[in-house]
Each structure stands twice: as structure tokens, then as C-alpha cells.
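*Asks:* Be aware that the sequence shown starts at 480, since it is given in the working numbering, and climbs by one per residue.
The beta carbon of each residue, even a glycine, is placed where N, CA and C say it ideally should be.
Fair warning: this is a prediction, and the values are worked out from it, not measured in the lab.
My questions will all concern the structure given below.
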Amino acid sequence: MSQSDANSRAPRTKIFDHLNNLLGVEGVQIAKQVAQHAIDGEREESLKLLQAYDAKLGGVSLHWFEEKRQLGVYRSLFYVLLPLKYSNAPQHDSRRIIYSSGVYLEELIKRMVRLNIFDKLRDTNNKLPLGVLVRKVKKYVPVDIANELEWLSQRVHNYAKHAYNFELEPDPPEHYFDLDEAIAVYLIARKLGLELESISGKTHEQLMME
480 MSQSDANSRA PRTKIFDHLN NLLGVEGVQI AKQVAQHAID GEREESLKLL QAYDAKLGGV
540 SLHWFEEKRQ LGVYRSLFYV LLPLKYSNAP QHDSRRIIYS SGVYLEELIK RMVRLNIFDK
600 LRDTNNKLPL GVLVRKVKKY VPVDIANELE WLSQRVHNYA KHAYNFELEP DPPEHYFDLD
660 EAIAVYLIAR KLGLELESIS GKTHEQLMME
């Protein structure tokens with residue numbers, strides 16, 4: 480990878496490559512189908528398809544939010560659900576879906592690593608970045624998971640969080656991230672989250688209480 484590639488937003492081909500590596504062809508197909516249903520105004524079909532696949536992955540997922548439960552570390556995933564359930568144009572919320580997926584990983588990693596006093600001060604109002612947390616958790620997780628987290632933080636999440644000047648590009652896109660890319664990133668975060676939860680040794684119930 481060249482230095483310029485390392486400092487640029489991941490192209491959609493790479494996002495789907497990473498999804499395919501983690502969840503296979505089915506994951507890629509689900510992301511694209513969910514997005515297309517949503518864009519076509521078929522919100523119920525879109526959400527039902529994603530919730531069914533989410534439940535198949537296991538753990539806490541979007542179908543849990545239909546019930547009154549404490550959300551804990553999963554709270555940010557509720558903001559993945561909202562545009563898919565209520566928005567008439569969810570493609571305008573792609574950035575929020577990606578950002579919220581990253582926040583879920585941030586909150587999970589915070590339960591896995593020891594934060595020093597400076598980190599805790601920095602984390603006032605949840606301002607400790609995903610990249611910092613990934614560097615702290617790397618020694619606790621397998622290399623492949625660490626690499627996926629690092630890629631997601633550097634090449635996707637940072638751009639969803641900070642990049643707002645793409646209208647200055649020679650051929651600016653209508654949306655910085657397409658909806659199918661956002662759903663793909665959500666599924667990537669879900670898979671990585673399941674791996675982290677397993678390593679943490681904490682139950683879903685414990686994580687929902689924190």
C-alpha cells in the first residue's frame with residue numbers, strides 16, 4: 480500500500496473486500512440488498528432483511544432494540560436503526576451509520592483496556608478516538624482482528640467523522656459514502672464486535688448494563 484493510499488478514504492471496492500473476508504459473499508449481498516430496498520422506499524423489507532441477518536450473526540443486534548432493554552455499549556447501534564426505520568432518504572444518513580458503528584467498537588474496547596488518568600481526562604464527553612483505543616487493544620487480540628480494526632479506524636471511521644470538504648473535489652460525489660457502503664461497515668463492525676466481546680469474557684448482559 481502506498482503512502483497516498485494509506486492517507487485516503489477506503490474505496491468502496493476495499494470496503495466490500497473487507498466485508499467479504501469477514502462474512503463472505505452472503506454478507507456482501509445482504510449489505511447491497513438492504514441498501515437497495517431502503518433507497519427504493521421499501522423500509523420494512525430493508526429492515527426485516529438486515530435484522531434477520533443480524534440475528535443470524537448472533538449477539539446483540541438491531542432486532543433487540545424493538546424491545547425495552549438497557550443498551551449499554553450497544554447504544555450507538557440504535558442510531559444505525561433509526562434512519563433505516565424512519566427516514567424517507569436513508570442514503571443521507573450513511574455517514575451517521577458508519578460513525579455510530581465505530582462508536583460501538585470504541586465503547587466495547589474501553590471495557591477491555593486499562594485507561595490511564597490522561598486517557599480518562601481525554602475521554603470526557605467520549606472524545607477518546609477509535610484509533611487510540613485500537614492501538615491500546617492490539618496486544619490483546621489476534622493480529623488479523625487488530626489489522627481489521629486499524630484499517631476500519633484509519634481508512635473509514637476517521638473519514639466519516641471528520642471529512643466534510645469533498646465538495647471541493649473535481650468530481651464530488653452526491654454522498655461521501657453510499658448507503659450500501661454504510662451497511663457493509665455496520666456488518667464489519669458487528670463481526671469485529673463479536674470477536675472483541677468473546678475475547679473480553681463479558682456477557683451480553685454485562686455489556687448492556689455498562
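(1) So, under 8 Å CB-CB, ASN499 and VAL507 are touching, yes? Tell me the CB distance rounded to an integer number of Å.
(2) Do the segment 572 to 581 and the segment 520 to 540 touch if we need at least three Cβ pairs shorter than 8 Å?
(3) Could you tell me which of GLU585, ARG669, ALA510 and LYS589 sits nearest to LEU609, measuring between CA atoms?
(4) Just reading off the alpha helix (DSSP H) that GLU627 is part of, what are its end residues?
(5) Comparing C-alpha positions only, which one of VAL611, LEU673, VAL622 and ASP623 sits nearest to ASN637?
(6) Under DSSP, the alpha helix (DSSP H) around MET460 begins and ends at which residues?
(7) Contact between the segment 552 to 563 and the segment 617 to 633: three or more CB pairs below 8 Å?
(8) Which same chain residues end up closer than 8 Å to TRP630 when comparing Cβ atoms and leaving out the 5 residues on each side of it in sequence?
(9) Candidates LEU550, ASP659 and ILE518: which alpha carbon is nearest ILE576's?
(10) Between the C-alpha atoms of VAL616 and VAL592, what's the straight-line distance to the nearest angstrom?
(11) Are the beta-carbon atoms of TYR691 and ARG574 separated by less than 9 Å?
*Replies:* Reading from the atomic positions:
(1) Locating residue 499 in the sequence shown gives position 20, counting from the first residue. Locating residue 507 in the sequence shown gives position 28, counting from the first residue. ASN499 to VAL507, Cβ: 5 Å. Contact.
(2) no
(3) Here residue 609 refers to the residue found at position 130 of the sequence shown. The option with the nearest alpha carbon to LEU609 is GLU585.
(4) Locating residue 627 in the sequence shown gives position 148, where the first residue counts as 1. It spans 622 to 630 - the alpha helix (DSSP H) in which GLU627 sits, taken as one unbroken run.
(5) As a working note, residue 637 is residue 158 in the sequence shown. When only C-alpha atoms are compared, the closest one is VAL611.
(6) The shown model of the chain, from 480 to 689, leaves out residue 460, and the question about it has no answer.
(7) no
(8) Here the question's residue 630 lines up with position 151 in the sequence shown. Taken in chain order, the residues that qualify are ALA489 and HIS497.
(9) Translated into the one-based positions of the sequence shown, residue 576 becomes position 97. Nearest option by C-alpha distance: ASP659.
(10) Working through the sequence shown from its first residue, we reach residue 616 at position 137. Working through the sequence shown from its first residue, we reach residue 592 at position 113. Near 6 Å, if we compare the C-alpha coordinates of VAL592 and VAL616.
(11) Since the displayed the chain opens at 480 and closes at 689, residue 691 lies outside it and no answer follows.
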